[in-house]
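What follows is the structure in structure tokens.
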């Protein structure tokens, strides 16, 4: 309304008139004064009289208030009754916090009032000396003046900050536990309820959980870290993850063989394997698990579980169920004892180990499981709940250990051995190829592996048909030399197309073919055309690049983002092995074109038939046009016509291919 600020007069009005429409004296009275604290009249006496009537006074400053006056106006203690309107949310929360106790008692369960540092701000006018100027003063001598330097004063408005303490009420948000999975958005409904907005395809569950099933037959035991290192919060997170996972994969009445153990200094198995026959009773037992908080002795826990975790019940102690035994370790704290020997002992007892933890635990979990492919690391709490389907796949992979290993595949590695990679990183690439080969059954009828190294030129270390056992392949990889010159990935892929993935060099018609190019991105500018030629011949090109490189060029080489893996450092290469092997396996299971690459030699034309093919030869003869026609010199086999049109099924042509290769030796 304008006019002067007469806070004192307003207080006297309240003292005289009371609260308009107020109830009886049993109801607390609260007065909220919103002011800049710059009253033209005195406020001390009326403020004291108001408080003597047991009226709770809040002083809310606006703009840049005079806090000294607001201190006089506010009830005791002033830090809980002084608020600043400029921080509207904090002011409203502070008002609620102070009213909650003792004026009001309707604070929501779980909410608490806590203090936090804040500051009070105001503008004050101060004077400062800006400099001196020449001025004239009188003199004792008649008819004379005296020159002198006089100070020049100016007034300045200064922002003054006063440290203080404020209070606020903190209530648990129902979305704090991040209950919505698979990218779902949590929407709170009051203080204790919420609902999830799910992405397309996940709307069938209230938490957007993927619909999973644990159809594989395993004995499954979860080993949960309950030590002080994982903290109560981490333990509760693992417990929530365990409940959601089991709710997703187990039906209400489905039989199961699931157990839960927890450890710190000691190991306890509160839920024995197969103790519960329905999901409901299992969930109740998981709810009853309590945090203990001792030392983190993961090694001792693994050894104990290997000895006692899978004991049969007394009635069936002499009966073996022959189911694979899986231990899922949930930990987020570095072990205070050695895990290597304990993990080896557990694996010697035929236990399949899976490790789950944050990214900081990656190295230790890999040591426990012995394989990065059997570890699951999460970047944040929500990411943990997004890994349920990955855990389900890893648990059930033990029931089918062959995986893609039983698929026929011709696989070639092309490894950059140039100076741009360097000797140390080349040795890492070599170790990666070696460990990758362990995932395949190397045999004439299953997987054949070739290795090519390249610098400016490509060299075949061993061809597809050179080695017929894993031990021979692994030994040969250990002898691969470092080249150290410039890199040309294009010449390497041309070499693979011309001298590796051919029938003459051991490639089998009717078998899927994959080339894995390991590079630091150098010398790939000439690789797009030969890579496209390989794809045209039915050979997949999978590009694994380490370091900072030009993505567009690499995409042209890979042909699709699906077949391009970009890794930041050579140290991280091992962690991508599972992904790379999985992509290769997918290709091994895909349909194959019997005429790609062309199994016919010497410009023979491959003609597809139903489940077979034939070679149409010109000047050559034989099933693959491998024999030159010599006019009038040698008799022709009566089994073959002048132009060979022999039909070959995939199995038959593989046997012939092996016989042909053997005859060439």
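Residue numbers (full-length UniProt numbering): 1 to 665. Quick reminder that beta carbons are idealized off the backbone N, C-alpha and C, glycines included.
Checklist entry - Can you give the beta carbon distance from residue 306 to residue 365, rounded, assuming they're within the 8 Å contact cut? => result Separation of the CB atoms of residue 306 and residue 365 is rounded to 17 Å, and the pair is thereby denied contact status at 8 Å.
Checklist entry - If we ignore side chains and look at the alpha-carbon of each, how far apart do residue 598 and residue 328 end up? => result 47 Å
Next on the checklist: Do residue 387 and residue 354 count as a contact pair if the criterion is CB distance below 9 Å?
Outcome noted: Not a contact, by the Cβ cut-off of 9 Å.
Checklist entry - Among the residues of its own chain, which have a CB less than 6 Å from the CB of residue 432, if the five just before and after it don't count? => result 573
Checklist entry - Based on the DSSP output, what are the partners of residue 57 in its beta bridges? => result 31
Next on the checklist: So for residue 84, helix, strand or coil by DSSP?
Outcome noted: strand
Item to check | Cβ-based neighbour list, residue 586, same chain, cut-off 7 Å, excluding 5 preceding and 5 following | outcome: none
Next on the checklist: Taking the alpha carbon of residue 450 as the reference point, which residue from 484, 517 and 143 has its own alpha carbon closest?
Outcome noted: 517
Item to check | Three-pair Cβ contact test at 8 Å for the stretch 426-441 versus the stretch 500-507 | outcome: no
Checklist entry - Nearest to residue 548 by alpha carbon, out of 334, 181 and 522? => result 522
Checklist entry - Just the Cα atoms here: how many angstroms apart are residue 304 and residue 286? => result 21 Å
Item to check | Opening and closing residue of the alpha helix (DSSP H) in which residue 46 lies | outcome: 44-52
Next on the checklist: With DSSP as the reference, identify every bridge partner of residue 7, one or two as the case may be.
Outcome noted: None; residue 7 has no bridge partner.
Checklist entry - What's the C-alpha gap between residue 246 and residue 235? => result 17 Å
Item to check | Meets three-Cβ-pair contact criterion under 8 Å: the stretch 459-472 and the stretch 561-573 | outcome: no
Checklist entry - Does DSSP classify residue 239 as helix, strand or coil? => result helix
Checklist entry - Taking the Cβ atom as the reference point for each residue, do residue 225 and residue 330 lie within a distance shorter than 9 Å? => result yes
Next on the checklist: What does the alpha-carbon distance come out to for the pair residue 153 and residue 72?
Outcome noted: 33 Å
Checklist entry - Which residues does DSSP pair with residue 140 in a beta bridge? => result In DSSP, residue 140 forms no bridge with anything.
Checklist entry - Which of helix, strand or coil does DSSP assign to residue 628? => result strand
Checklist entry - Which class does residue 72 belong to by DSSP, given the choice of helix, strand or coil? => result helix
Item to check | Through-space distance from residue 9 to residue 76, alpha-carbon basis | outcome: Taking the CA atoms as reference points, residue 76 sits about 22 Å from residue 9.
Next on the checklist: Less than 8 Å between C-beta atoms, sequence neighbours within five positions excluded: which residues of the same chain meet that for residue 476?
Outcome noted: Once the five neighbours on either side are set aside, the close Cβ partners of residue 476 are 451, 461, 462, 466 and 467.
Next on the checklist: Can you check which of these residues, 383, 381, 32 and 390, is closest to residue 375 by C-alpha distance?
Outcome noted: It is 390 whose Cα lies nearest to the Cα of residue 375.
Item to check | Beta-bridge pairing of residue 513 - partner residues as DSSP gives them | outcome: 410 and 539, per the DSSP bridge assignment.
Checklist entry - In this structure, does DSSP put residue 479 in helix, strand or coil? => result coil
Item to check | Residues near residue 457 by beta carbon distance below 7 Å, same chain, minus five either side | outcome: Taken in chain order, the residues that qualify are 491.
Checklist entry - I think residue 207 touches residue 175, with their Cβ atoms under 8 Å apart; what is that distance to the nearest whole Å? => result Between residue 175 and residue 207 the Cβ distance is about 12 Å, and since that is not below 8 Å, they are no contact.
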